[in-house]
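Residue numbers (full-length UniProt numbering): 1 to 723. Working notes for the structure below.
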Amino acid sequence: MRDENSEYERHEIELRDRLRALDVSVLDVEQSLTVLGEEGLADWMVRIEALRERSRGLSALVEEKRRGVTRDLEAAADEGVVGTLIADAVALRDELSGLPTSFTDSSLPGTRVVIDSQSAQDALVQAESDWRSSEGEAARARARSDALEQQLRIAGDDDSAAALSGIDGVVGPLMEYLQIEEGAEAAVACALGDALRATVVQKGQPARRAIEAMRQGLARGLVLVIDSSSTTPFPAISVPAGARSLTEVVHSSVPGIDETLARLLSQTILVADWRIALDVVSENPDLVAVTPDGDRLGGVGVWNVGGAQATAVTRAMVQDASQLAVAAEVSRVEASRAVENARAILTASRSAEVQQVAAQERRSVLQDRLDDVEARLAARDPGQQAEAEHRRRVILERDATLGTIIDRLSNHSQAVERLHERLRSRRQRETETARASTDQLEGLRKERTQLERELLEVRERVTQAGVADAESRIKLENAVELLRAEFDVEAAVALDAPAPSVPEGTTLAGRARELERDVRLMGPINPLALAEYGSLGERVEFLQSQIEDVRSSRRELNQVIRMVNDEIVSVFQQAFEDVAEHFKTTFSILFPGGTGKLSLIDPDDLLNTGIEIDARPSGKNVRRLSLLSGGERSLTALAFLFSVFRARPSPFYLLDEVEAALDDVNLHRFLDLVQEFREEAQLVIVTHQKRTMEAGTVLYGVSMAPGDSTRIVSQRISDVVSS
Numbered sequence: 001m002r003d004e005n006s007e008y009e010r011h012e013i014e015l016r017d018r019l020r021a022l023d024v025s026v027l028d029v030e031q032s033l034t035v036l037g038e039e040g041l042a043d044w045m046v047r048i049e050a051l052r053e054r055s056r057g058l059s060a061l062v063e064e065k066r067r068g069v070t071r072d073l074e075a076a077a078d079e080g081v082v083g084t085l086i087a088d089a090v091a092l093r094d095e096l097s098g099l100p101t102s103f104t105d106s107s108l109p110g111t112r113v114v115i116d117s118q119s120a121q122d123a124l125v126q127a128e129s130d131w132r133s134s135e136g137e138a139a140r141a142r143a144r145s146d147a148l149e150q151q152l153r154i155a156g157d158d159d160s161a162a163a164l165s166g167i168d169g170v171v172g173p174l175m176e177y178l179q180i181e182e183g184a185e186a187a188v189a190c191a192l193g194d195a196l197r198a199t200v201v202q203k204g205q206p207a208r209r210a211i212e213a214m215r216q217g218l219a220r221g222l223v224l225v226i227d228s229s230s231t232t233p234f235p236a237i238s239v240p241a242g243a244r245s246l247t248e249v250v251h252s253s254v255p256g257i258d259e260t261l262a263r264l265l266s267q268t269i270l271v272a273d274w275r276i277a278l279d280v281v282s283e284n285p286d287l288v289a290v291t292p293d294g295d296r297l298g299g300v301g302v303w304n305v306g307g308a309q310a311t312a313v314t315r316a317m318v319q320d321a322s323q324l325a326v327a328a329e330v331s332r333v334e335a336s337r338a339v340e341n342a343r344a345i346l347t348a349s350r351s352a353e354v355q356q357v358a359a360q361e362r363r364s365v366l367q368d369r370l371d372d373v374e375a376r377l378a379a380r381d382p383g384q385q386a387e388a389e390h391r392r393r394v395i396l397e398r399d400a401t402l403g404t405i406i407d408r409l410s411n412h413s414q415a416v417e418r419l420h421e422r423l424r425s426r427r428q429r430e431t432e433t434a435r436a437s438t439d440q441l442e443g444l445r446k447e448r449t450q451l452e453r454e455l456l457e458v459r460e461r462v463t464q465a466g467v468a469d470a471e472s473r474i475k476l477e478n479a480v481e482l483l484r485a486e487f488d489v490e491a492a493v494a495l496d497a498p499a500p501s502v503p504e505g506t507t508l509a510g511r512a513r514e515l516e517r518d519v520r521l522m523g524p525i526n527p528l529a530l531a532e533y534g535s536l537g538e539r540v541e542f543l544q545s546q547i548e549d550v551r552s553s554r555r556e557l558n559q560v561i562r563m564v565n566d567e568i569v570s571v572f573q574q575a576f577e578d579v580a581e582h583f584k585t586t587f588s589i590l591f592p593g594g595t596g597k598l599s600l601i602d603p604d605d606l607l608n609t610g611i612e613i614d615a616r617p618s619g620k621n622v623r624r625l626s627l628l629s630g631g632e633r634s635l636t637a638l639a640f641l642f643s644v645f646r647a648r649p650s651p652f653y654l655l656d657e658v659e660a661a662l663d664d665v666n667l668h669r670f671l672d673l674v675q676e677f678r679e680e681a682q683l684v685i686v687t688h689q690k691r692t693m694e695a696g697t698v699l700y701g702v703s704m705a706p707g708d709s710t711r712i713v714s715q716r717i718s719d720v721v722s723s
């Protein structure tokens, strides 16, 4: 098992090395694309500038030569020549004057270069602007690709895309079909969360097949179900000022995804920073606000602050960014195609060559006519002939100079043609190199994806091998503990012990299975059963003796209870009879002419029975206490109370405002009853009735002066009367 783990680890290390090598290769290819584009454009700029300077110099030289010929021809005219010669000289001068002008305008390639230099300069400026723009786009694309690659390493594994590949109705990873506005990537990632890693699946049977495939393949991941047939727009929300709906910055060309995103992000808006987001969600609790920095505020749950590094990104987004980087590099390289502006220079050179031949023919004709005029002028005057000869030599010298200039311009035109061919070949090579580099980069990415998939499989196998190794160690430890616990033998001793003999034709494993089956049939065996049986027997004997003691105590207690109950019944019955007898007398005292009696509710159960009072004042036919007045009920209660006092006398009685509800007549009856008891006991009555106080022997009062403590004041009535 350890060897297998080591092999998996070595395989994982090799895959990681190959991944790092691929990363280095990708960076080299991208750098080579960048260097190739920069060198080609720089070389083209230097060559164009050199050609432009040479054209300016040649044009200036031709223009100077043309002015010299014009001056010489004007000086050669003689006012005294015969009228016909003068006319011919004027016509010749006009033609020669027209010849340099035409020669300046169209016969020299350098002159055409001067005329078109401004357009070439404008094209060069535009090419430089395109190159800088492409360079910026390439840098941004590379930065985005690197950032997404970094996020992808920490985003976790999602094998749903591999499990759903090839299933009809599965569109693919969501990020491959999203177009996100630049600068809003972090906001969309924060708002969608794990949904960015989802695989898009059509609604209905494709969704069912996708889930079945994932369940069967034990794959884990997220699935986003869309309905491509739905065209119902989702209701728009009211967006506060200074904010945008997040659905405005993320779109998709796949039918159904935009509608699903509209539902997922229906309450989500995009704001500039977290301060605006906090103000918006404070005023609109139902909205969720996100920022370009990845902050997410609002809604029910946790607010995400500083979440620019979104964890829910997919590998498709990285590939998108990488392809964008390559496209930007290719666009930057193709910006060098502005060299096509040089074709205008070559076209002008070719046209200048044709015009040059025509100008030479025209020049030859004019030269013949000029020779004829000079001969006729020479025949007229030897001095003038000498002067004309001198001027002719000067013209011939200048003509030779012009021929030299024409040859140089021809060579220059050929050099421009060769330069154009070299530039065209170089551009073709650069394009092919860029295409080959792009293909190589795409192949490296595919190989990297395959290696990442293999690395994931190796990690899973390493995990499974680690689990199996841990299970094996646990089983081994359990076996060693079992040997120590059941057989009191160490593992080394058990391994050195001789193997038991088995019947012929039976293996040790088979014999072990038979013995295990016999043990299972016997059931569980407790080696301490005998000792436990002895201790449990002693415990049973002790508990039986305790039970017997409890039973004996219970019998004695029941006997005592019966005796107590009998005594209670006897005492209660005697007390009830006495109280009932006195109640009749006392009731007749308090209610003259009335009758009252006490009766038991359940005479057969004196321990639990209640007492019923039957009271009928004089002149009334009611017996229930609830139908009597308050004073009558109070007197009835006093009759029962004093009946108890008479049946079981006591030296002291304490009464607390028992006469408060009595009128004067009933109060008088109560005081008469109290007067009878004064001979037998002392009564302490708490009262507010003046007549009750007058009937007393001693008055006690409690008073408290302001700022003082309570004091008890007593006064004998006899002392007050005598004084």
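Think of the CB as a built atom: it goes at the ideal place given N, C-alpha and C, for glycine as much as any other residue. Given the structure is predicted, the values throughout are model-derived calculations rather than measurements.
Coil, strand or helix - residue i by DSSP
i, result
"GLY172", "strand"
"ILE611", "strand"
"PRO706", "coil"
"ARG520", "helix"
"LEU246", "helix"
"ILE601", "coil"
"residue 724", "Because the chain in this structure spans residues 1 to 723, residue 724 falls outside the shown range and cannot be described."
"LEU683", "strand"
"LEU699", "strand"
"ALA499", "coil"
"SER714", "strand"
"ALA661", "coil"
"HIS668", "helix"
"ASP273", "coil"
"THR463", "helix"
Same chain only: Cβ atoms within 7 angstroms of residue i, ignoring 5 sequence neighbours per side
i, result
"GLU632", "PRO617"
"LEU508", "ALA499 and VAL502"
Rounded straight-line distance, which links the Cα of residue j to that of residue i
i, j, result
"GLU516", "PRO500", "15 angstroms"
"GLY156", "LYS475", "Low per-residue confidence applies at GLY156: pLDDT is 45, beneath 50, and the placement is therefore not dependable, though the value from the model is reported in the following sentence. Near 33 angstroms, if we compare the C-alpha coordinates of LYS475 and GLY156."
"GLY630", "THR609", "27 angstroms"
"ALA184", "VAL290", "10 angstroms"
"LEU510", "ARG520", "Note on identity: in this sequence residue 510 is Gly, with Leu being the wrong assignment. So the alpha carbons of these two residues sit roughly 15 angstroms apart."
"GLN573", "ALA705", "53 angstroms"
"PRO109", "ALA400", "In this prediction, PRO109 has a pLDDT of 39, which is less than 50 and means its spatial position is unreliable; what the coordinates show is noted afterwards. Taking the straight line joining both Cα atoms gives about 19 angstroms."
"THR463", "ARG215", "20 angstroms"
"ASP496", "ALA485", "18 angstroms"
"HIS582", "ARG554", "41 angstroms"
"VAL281", "LEU270", "12 angstroms"
"GLU414", "THR433", "The question names Glu, but residue 414 in the sequence shown is Gln. Straight-line Cα distance between these residues: approximately 28 angstroms."
"GLY169", "SER425", "48 angstroms"
Proximity of residue i and residue j at Cβ, strictly below 9 angstroms
i, j, result
"ILE167", "ALA198", "no"
"PRO240", "LEU278", "no"
"ASP293", "ALA195", "no"
"THR260", "LEU224", "yes"
"LEU699", "GLN715", "yes"
"PHE670", "LEU683", "no"
"GLU176", "VAL249", "no"
"PHE587", "ALA647", "no"
"LEU590", "LEU673", "yes"
Cβ shell of residue i (< 8 angstroms), same chain only, five flanking positions each side left out
i, result
"GLU212", "none"
"LEU667", "GLU659, GLN689, ARG691 and THR692"
Exposed unless 16 or more other CB atoms sit within 10 angstroms - verdict on residue i
i, result
"GLY242", "exposed"
"PHE652", "exposed"
"GLY221", "buried"
"ILE568", "exposed"
"VAL657", "Contrary to the premise, residue 657 reads as Glu rather than Val in this sequence. Result: exposed."
"ARG611", "Residue 611 is actually Ile in this sequence, not Arg. Counting Cβ neighbours within 10 Å, ILE611 comes out exposed, since fewer than 16 surround it."
"PRO603", "exposed"
"GLY593", "exposed"
"ALA272", "exposed"
"ARG513", "exposed"
"GLU421", "exposed"
"GLU389", "exposed"
Residues of its chain near residue i, where Cβ-Cβ distance is below 6 angstroms and the 5 sequence neighbours each way are ignored
i, result
"VAL686", "ASP656 and GLU657"
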